[in-house]
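Asker: Per numbering that gives the first Met the number 0, numbering through the sequence shown is continuous, rising by one, with the last residue being 221.
A single structure is presented below for examination.
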Amino acid sequence: MKIKKFINLILIILCVCLIVGVGAFIYNAKDAYKISSDFVSIPLKFNYDDSSSTYSIQNTQVTVYGGFVKGIKNGENNVKSLVIRALSPLPTLKIQGTKSANVSIFIENVNPDFYAKSIEGSKLHMAKVTVNTLQLNIPVSHGKTIKIEPVKKNTPNNVNKYQYIILGDNRNGYDTFQKIIQQVNGEEPVFVIDNGDLVFSGKPNQYRLFDKMASKISTTLL
């Protein structure tokens, strides 16, 4: 009887440990598997000849050169914003309106400060959303075309000081990659080229974790 009670006690302890372990896994992994409810992706439309992508929102056609339209972000008061993923440090925008409207655009994968300085004369309302995302609010008039062409400005303080960084294999642990990102941001490069293996395998969760880490890079990641 004592042996049976001992075995039952061991089984109860094992069950409790299993429940606690599963609960801890779910708690720690929920962010990695979390699906954003305020973002809707759209089918990729990309012209490889001129590196452009076009999408229409609020009776306004938006074309980006050096990037692609990623999706629609739903904000407060049901305000919809166009999300653009930059493929270059200074993507160009062309906005054509058929009706008067105020178009909100998020440009991610850029250095917000670097991009904002390149279009200082445009008098647009700009806001830094994250370390690599800039929001533009663009008033569009009926039948008018607005072209936003960033210009890299050379001053005595930055001539020949623009630099880029190439990353190698990133798989030596998340802590290591996080330290690398901190060092990269400290160098303030114009862009970063990732030349290594991004994840251990092709599992979606590993890409989510990598994207979460890479989103802390404060410039264009290629």
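Cβ coordinates follow ideal geometry from the N, Cα and C atoms, glycine included.
The structure displayed is predicted, hence computed values, not measured ones.
1. Taking only the alpha-carbon atoms, compute the straight-line gap between valine 183 and isoleucine 11 and give it to the nearest angstrom.
2. May I ask you to verify whether the region 66–82 touches the region 173–180, counting CB pairs closer than 8 Å and requiring at least 3?
3. Can you tell me the Cα-Cα spacing of asparagine 136 and serine 121, whole angstroms?
4. Decide if tyrosine 47 is buried, meaning its Cβ has at least 16 other Cβ atoms within 10 Å, or exposed.
5. Ends of the beta strand (DSSP E) at lysine 72?
6. Starting from the C-beta of isoleucine 192, find all residues in its chain whose C-beta is less than 6 Å away, skip the five residues before and the five after it, and write them out in chain order.
7. Would you mind giving the Cβ-Cβ distance between threonine 59 and valine 139, rounded to the nearest angstrom? I have them listed as a contact below 8 Å.
8. Are there 16 or more other CB atoms within 10 angstroms of the CB of glutamine 225, so buried, or fewer, so exposed?
9. Pop quiz: glycine 66 and phenylalanine 38 are said to be a contact at Cβ under 8 Å. What is the actual Cβ separation, rounded to whole angstroms?
10. Do isoleucine 106 and threonine 132 come within 8 Å of each other at the CB atom, strictly closer than that value?
11. Return the chain-ordered ranges of every beta strand (DSSP E) run that is complete within the region 65–119 and spans a minimum of 3 residues.
12. Helix or strand or just coil, what does DSSP make of phenylalanine 176?
13. By the three-class DSSP mapping on this structure, what secondary structure does glutamine 60 have?
14. State the Cα-Cα distance for the pair serine 55 and valine 78, rounded to the nearest angstrom.
15. In the DSSP assignment, the alpha helix (DSSP H) including proline 138 goes from what residue to what residue?
16. Would you call the CB atoms of asparagine 224 and arginine 84 closer than 8 Å?
17. Using DSSP's beta-bridge definition, name the partner residues of tyrosine 163.
Answerer: So, from the listed chains and residues:
1. Each residue's Cα considered, the two are about 50 Å apart.
2. Fewer than three Cβ pairs drawn from the region 66–82 and the region 173–180 lie within less than 8 Å of each other, which leaves the two stretches out of contact.
3. When rounded, the distance between both Cα atoms is 11 Å.
4. Within a 10 Å sphere around the beta-carbon of tyrosine 47 sit fewer than 16 other beta-carbons, which makes this residue exposed.
5. First-last of the beta strand (DSSP E) with lysine 72: 66–73.
6. Within the same chain, Cβ atoms closer than 6 Å to the Cβ of isoleucine 192 are found at Ile165 and Leu221, the five residues on either side in sequence being excluded.
7. About 5 Å; that satisfies the 8 Å criterion.
8. Absent from the structure is residue 225, since the part of the chain shown begins at 0 and ends at 221.
9. The beta carbons of glycine 66 and phenylalanine 38 sit about 17 Å from each other, so the pair does not count as a contact at 8 Å.
10. Yes, the Cβ-Cβ distance between threonine 132 and isoleucine 106 is below 8 Å.
11. You should have 66–73, 79–85, 91–96 and 100–107.
12. It is helical.
13. Three-state result, glutamine 60: strand.
14. If I take the Cα positions, the gap works out to 15 Å.
15. No alpha helix (DSSP H) contains proline 138, which is instead part of the beta strand (DSSP E) from 132–139.
16. Limits of the chain in this structure are 0 at one end and 221 at the other, which puts residue 224 out of reach.
17. Answer is Phe190, bridged to tyrosine 163.
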